[in-house]
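Number 99 in the numbering used here belongs to position 11 of the sequence shown; there are no gaps in the numbering. Each residue gets a CB set at the ideal place from its N, CA and C atoms; glycine is no exception. Below: the structure, in structure tokens.
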Amino acid sequence: MADQQALDEVVRFTSDLIRIDTTNRGGGDCQERPAAEYAAQQLAGAGLEPLMLERTKGRTNVVARIEGSDPSADALLVHGHLDVVPAEAADWSVHPFSGEIRDGVVWGRGAVDMKNMDAMILSVVRSWARQGLRPRRDLVIAFTADEEASAVDGSGFLADEHPELFEGCTEGISESGAFTFHDGAGRQIYPIAAGERGTGWLKLTARGRAGHGSKVNKENAVTRLAAAVTRIGEHEWPLRLTPTVRAALAELAALYGIETDLHDVDALLEKLGPAAKLVEATVRNSANPTMLEAGYKLNVIPGEAVAYVDGRYLPGGEDEFRTTLDLLTGPDVDWEFSHREVALQAPVDSPTYARMRAAVEEFAPEGHVVPYCMSGGTDAKQFSRLGITGYGFAPLKLPEGFDYQALFHGVDERVPVEALHFGVRVLDRFLRTA
């Protein structure tokens with residue numbers, strides 16, 4: 089059982105890590121090393137021998153292994169990223185890198201994504217060291233750089249260049265699962281992630297005939313691009329249900345006493361009310377235009393125009409995604425992946441999933457645990473190259489009205505102290521028995 093010092097440390101560690109500005113602006117503009125040094129120091133204080141690894145100077149990763157009591161058991165990877173997305177201080181109620189603790193809440197960028205989980209991992213490991221406890225399985229602890237961009241300096245680098253550090257790992261856990269979702273009708277749902285949509289970030293390029301803005305031009309690159317972007321933005325993707333999403337719908341329907349009619353999923357989602365938010369983004373592929381670039385002067389028709397699209401595809405859905413983009417862009421617009429990562433799926437009938445469920449239910453007996461698929465992605469994608477099955481399990485017990493998912497990359501990101509205490513207790517319970 090996590091001791092009182094662990095409960096105190098998880099709050100302090102979360103605050104301390106937030107105060108270390110690890111903003112990832114993309115294009116290599118980030119320095120995770122100070123946070124990596126902090127994490128390594130805490131691991132060393134637990135008697136571990138952390139390794140600090142860099143592909144690029146300052147983009148530091150930390151890896152350590154804890155020996156389990158059962159040498160015949162497969163190892164478990166426990167990972168969290170150290171970088172955060174940018175935050176504009178003028179938009180916040182508190183400075184985003186203050187780590188302020190006020191009214192029982194820790195404020196700042198990374199409070200939910202995901203320095204809270206980093207702090208939980210550190211506090212649990214240190215608690216075990218004080219109590220002389222060991223997990224059943226070997227645990228590989230990894231704190232990574234660059235998750236908020238391409239992961240090329242983080243989990244991608246570790247998976248490609250240091251696979252030996254993850255020897256024996258068959259499963260892993262990380263962010264975005266086992267948090268309280270309030271349905272507005274008194275139910276508390278704890279979704280555990282057992283899948284992720286694939287990442288297909290696209291660059292569209294339209295080419296045409298450059299010319300004067302006052303002349304007729306049937307080969308206008310901007311017009312061609314705009315038409316393609318409109319087609320993509322208005323496209324209605326067909327329904328595609330993966331095993332994880334089917335399981336989520338079945339368990340949610342049972343919870344609400346609704347017949348599971350997968351022939352009309354949209355009607356089923358409507359009946360689920362607010363709980364549909366856990367599923368609705370993962371019953372289809374998607375492609376959302378996000379950026380446009382064209383021209384250098386108002387009265388000059390450019391010869392080239394560029395757009396960017398955030399595409400996501402379900403497990404097994406990449407071929408359909410590619411074919412559809414070919415049709416939607418048409419003959420006058422080329423497209424390519426600017427960043428691509430695989431979709432993931434994990435079994436919901438595994439012993440590990442059952443142990444995660446049991447750990448949540450022990451400390452939240454009033455809760456209802458369900459599987460779900462993440463609409464976005466995590467470092468689990470890169471670690472899947474090593475044959476590691478990934479789950480989202482970063483437990484938090486949240487009060488009603490606390491919109492956890494909206495705070496990812498949002499303004500006034502924060503986490504309640506009691507949520508961190510719950511997370512430490514659940515994580516300790518799961519990791520010791522996993």
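| Asked | Found |
| --- | --- |
| Buried or exposed (CB count within 10 angstroms, at least 16 for buried), K303 | exposed |
| Per-residue DSSP class, three states only, for D206 | helix |
| Where S426 sits in the DSSP three-state scheme | strand |
| Cβ-based neighbour list, G511, same chain, cut-off 6 Å, excluding 5 preceding and 5 following | M208, P483 and L484 |
| Strand pairing of G299, partner residues [DSSP] | I389 |
| Whether W325 touches S374 by CB criterion (9 Å) | yes |
| According to DSSP, residues forming a beta bridge with I154 | L227 |
| Closest by C-alpha distance to E176, when choosing among T293, P377 and T111 | T111 |
| Pairwise C-alpha distance: R214 and A128 | 12 Å |
| Exposure of A494, with buried meaning 16 or more beta-carbon neighbours within 10 Å | exposed |
| Whole-Å CB distance - L474 paired with A247, under 8 Å assumed | 6 Å |
| Status (buried if at least 16 other CB within 10 Å, exposed otherwise) for H351 | exposed |
| Identified DSSP bridge partners for H456 | I277 |
| Helix, strand or coil at G260 according to DSSP, with G and I counted as helix | strand |
| Three-state class that DSSP yields for L357 in the structure shown | helix |
| Residues near T417 by beta carbon distance below 7 Å, same chain, minus five either side | L292, A316 and W423 |
| Beta strand (DSSP E) segments (min. 3 residues) lying fully within the stretch 462-513 | 477-480 and 502-504 |
| Residue(s) in a DSSP beta bridge with M444 | BP columns for M444 are empty, so no partner. |
| Given F425 as reference, the closest of P403, A395, H300 and L402 once Cα atoms are compared | A395 |
| Classification of N376 by the beta-carbon crowding that lies within 10 angstroms, buried from 16 upward | exposed |
| Where the beta strand (DSSP E) containing E142 begins and where it ends | L139 to E142 |
| Neighbourhood of G299 by C-beta distance below 6 Å, restricted to the same chain and skipping five residues each side | N305 and I389 |
| Contact check, L164 vs T102, beta carbons under 9 Å | no |
| The stretch 268-275 contacting the stretch 144-162, beta-carbon criterion three pairs below 8 Å | no |
| Local conformation of V240 per DSSP, three classes | coil |
| The beta strand (DSSP E) enclosing G168, as first and last residue numbers | A163 to H169 |
| Residues near K359 in its chain [Cβ-Cβ closer than 6 Å; skip 5 each side] | I346 |
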